[in-house]
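**Student:**
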Amino acid sequence: MDLKNFASAQQYFSRRSFMRSAGIASAAAAAMPSFAKAMSLQQAAPAGAGMAGRQRGGGMGRAPMPADTVIISSNENPLGPAPVALEAIGTAAKKGGRYDREYSSAMTKAISDQFQLKPGYVRIYPGSGGPLDLALYSNIGPDKPLVVGDPSYEQGFRAAAGAKAKCFMVPLDKTTYKFDVKAMLAAHPNPGAYYIVNPNNPTGTITPKEDLLWLIKNKPAGSVVIIDEAYHHFSTQDSIIDQVAADQDVIVLRTFSKIYGMAGVRAGFAFGRPDLLARFENVTQLNRQLGSISLTSAAAAAASLTDPNLVPLRRKINADTLADTYAFLDKNGYKYVPGSQGNMFMVDVKRPGMEVQKMMMQEKVAIGRVWPAMPTYVRVTVGTPDEMKKFQTAFHKVMNEPTVAHALNHDWDIPHELDRA
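If you read the sequence shown in our numbering, its first letter stands for residue 885, the second for the next number, and so on.
1) I'd like to know whether the C-beta atoms of Q1225 and T1139 end up nearer to each other than 9 Å.
2) Is it buried or exposed for G981, if we count other Cβ within 10 angstroms and need 16 for buried?
3) Would I1298 and M1228 be called neighbours here (beta carbons separated by less than 9 Å)?
4) Any contact of the stretch 1089–1103 with the stretch 1053–1071, i.e. 3+ C-beta pairs under 8 Å?
5) Give the secondary structure of V1065 by DSSP, where H, G and I count as helix, E and B as strand, and everything else as coil.
6) On the DSSP letters alone, give me the boundaries of the beta strand (DSSP E) that R1263 sits inside.
7) Quick one: what's got a C-beta closer than 6 Å to D1131's C-beta in the same chain, skipping five residues either side?
8) DSSP beta-bridge partners for W1255?
9) Going by alpha carbons, who is nearest to V1195 out of K993, A1184, I1125, I1143?
10) I believe V1266 touches T1205 by the beta-carbon criterion, under 8 Å. Please report the beta-carbon distance rounded to the nearest angstrom.
11) Could I get the ranges of all uninterrupted alpha helix (DSSP H) runs contained in the stretch 1134–1198, with 4 residues as the minimum, in chain order?
12) Quick check: Y987 and A1183, are their CB atoms within less than 9 Å of each other?
13) Give the list of continuous alpha helix (DSSP H) stretches no shorter than 4 residues that lie fully inside the stretch 990–1045.
14) In terms of residue numbering, what span does the alpha helix (DSSP H) encompassing F1275 cover?
15) Apart from the five residues just before and just after L1292, which ones in its own chain have a Cβ nearer than 6 Å to its Cβ?
16) For the beta strand (DSSP E) holding D1112, just list the boundary residues, first then last.
17) Am I right that R1007 and L1161 are in contact with their C-beta atoms under 8 Å? What's the rounded C-beta distance?
18) Looking at F1153: is its Cβ nearer than 9 Å to the Cβ of Y983?
19) In angstroms, rounded to a whole number, what distance separates the CA positions of D1027 and A1278?
20) Leaving out five residues on either side along the sequence, give the residues of the same chain with a beta carbon under 6 Å from the beta carbon of C1051.
21) Using only CA atoms, which one of N1082, Y1078, A990, L1099 lies nearest to Y1115?
22) Can you confirm whether the stretch 951–970 touches the stretch 1268–1282 when touching is taken to mean that 3 or more C-beta pairs between the two stretches lie within less than 8 Å?
23) Closer than 8 Å is the cut-off here; do at least three beta carbon pairs connect the stretch 1098–1113 with the stretch 1065–1073?
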């Protein structure tokens, strides 16, 4: 099936018929596990990032999940790589006996051309976790604190701990759950960096671009604003990448792990002024651990950028499924963080979130972890419509029964995006 026909076949997806209509996407996802497992071994866990590197069969003393578990805990895209990416992987793999120059160069050029960036403003990596650590470690240290939002993606404060930098965790806005940029600015007079995830993980909420521009304009000279746009494609807000092109003190991270469905393939990139990207070289040990992107990953990433229907189609699928889930939560009076523009949301379970996570595992549904700032909330990834129906059934059951003691005795090996290796 060519791209035009593939897009046409998918445009009539509804929230209930999606999986029946998406046979080719399901087959693509099913075809990937052995390849994804092999590819994942190429990237070592970055120092200080706290990545456990566990596999889903059980690890670190945890019980393996049943094979039929619904996994909506990792913010992955259940569609997997696009057909054009799978085709590119097959073609590139035939040249796998040689070190890659062709595909990595083509990927870098494709990204630079798409965002109209000058040469030297883009670097590509096996995933986005590595370059995120490089951006953090190259700008913070014992005399250069880090300012982050709370709750947000944990890699920020973990990198601060690894770099022996003070970390100022600023609560999100209580009404909108956006990053409070004015409070972040007030947190310290001269930090090394501000770290903002937009849309945020775990809340899925967006911080308006005008707020980010205000922070960039008013921050202390020499401080760097690091914007993690891992989930940007699910949002309709303009990116902040134009500030990179304008030579501001900004580093932007992007990934192919989310909307492009390539979490196991490992492809990501960093945008920044050449002098900011050059600082990455000072993080010597981490650079050696990361290595270079594989030719198959680079080929898949570059090919994915050529499909003009991929992002808007998958954005709509995610938005429709999320809307259906919100309707279920509203109907049953469950409180949740509104306004997610990512592929996840947070729901208040009115008791310790970890208890509900374990009870959901009794129903063979793996949901996300809990953040200390919101201990009674659990994060749930948006899966397929069928998966979310199973979530709804399990969640309604769990929420209408008391905590079961025997469920708490289990320590399941529930996967999450910090596992990526």
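Note that beta-carbon positions come from the ideal geometry of N, C-alpha and C, so glycine has one too.
**Tutor:** According to the structure data:
1) If you number the sequence shown from 1, residue 1225 lands on position 341. If you number the sequence shown from 1, residue 1139 lands on position 255. Cβ distance not < 9 Å, so Q1225 and T1139 don't count as in contact.
2) Translated into the one-based positions of the sequence shown, residue 981 becomes position 97. Of the other Cβ atoms in all chains shown, fewer than 16 fall within 10 Å of the Cβ of G981; this residue is therefore exposed.
3) In the sequence shown, counting from the first residue as 1, residue 1298 sits at position 414. In the sequence shown, counting from the first residue as 1, residue 1228 sits at position 344. Going by C-beta atoms, I1298 is not nearer than 9 Å to M1228.
4) yes
5) As a first step, residue 1065 must be located in the sequence shown, where it is residue number 181. Looking at V1065 - three-state DSSP - the assignment turns out to be helix.
6) Counting from 1 along the sequence shown, the entry for residue 1263 is found at position 379. It spans 1261–1265 - the beta strand (DSSP E) in which R1263 sits, taken as one unbroken run.
7) Sequence index remark: in the sequence shown, residue 1131 carries index 247 (1-based). Around D1131: R1157.
8) Reading the sequence shown from its first residue, position 371 is the one you call residue 1255. Looking at the DSSP assignment, W1255 forms a beta bridge with M1258.
9) Here residue 1195 corresponds to residue number 311 of the sequence shown, with the count starting at 1. The closest CA to that of V1195, considering only K993, A1184, I1125, I1143, is found on I1143.
10) The count along the sequence shown starts at 1 and reaches residue 1266 at position 382. The count along the sequence shown starts at 1 and reaches residue 1205 at position 321. Taking 8 Å as the upper bound for CB-CB distance, V1266 and T1205 are in contact here, some 5 Å apart.
11) 1158–1162, 1168–1174, 1179–1188
12) The sequence position of residue 987 within the sequence shown is 103, counting from 1. The sequence position of residue 1183 within the sequence shown is 299, counting from 1. In this structure, A1183 lies closer than 9 Å to Y987 by Cβ.
13) 1013–1021
14) In the sequence shown, the residue the question calls residue 1275 occupies position 391. Residues 1269–1283.
15) As a first step, residue 1292 is located in the sequence shown; it is residue number 408 there, counting from the start. Contacts found: K1242.
16) For the purposes of this step, residue 1112 is taken as the residue at position 228 of the sequence shown. Here the beta strand (DSSP E) through D1112 covers 1108–1112.
17) As a first step, residue 1007 must be located in the sequence shown, where it is residue number 123. As a first step, residue 1161 must be located in the sequence shown, where it is residue number 277. The Cβ separation is near 5 Å, so the contact holds.
18) The sequence position of residue 1153 within the sequence shown is 269, counting from 1. The sequence position of residue 983 within the sequence shown is 99, counting from 1. Cβ atoms of F1153 and Y983: not closer than 9 Å.
19) Here residue 1027 corresponds to residue number 143 of the sequence shown, with the count starting at 1. Here residue 1278 corresponds to residue number 394 of the sequence shown, with the count starting at 1. Cα to Cα, the separation comes out at about 48 Å.
20) On the sequence shown, residue 1051 is found 167 positions in, with the first residue counted as 1. If we look at C1051 and ignore the five residues flanking it on each side, its Cβ neighbours are L1030, F1041, A1044.
21) Stepping through the sequence shown from its first residue, residue 1115 is reached at position 231. Of the candidates N1082, Y1078, A990, L1099, the one whose C-alpha sits nearest the C-alpha of Y1115 is N1082.
22) yes
23) yes
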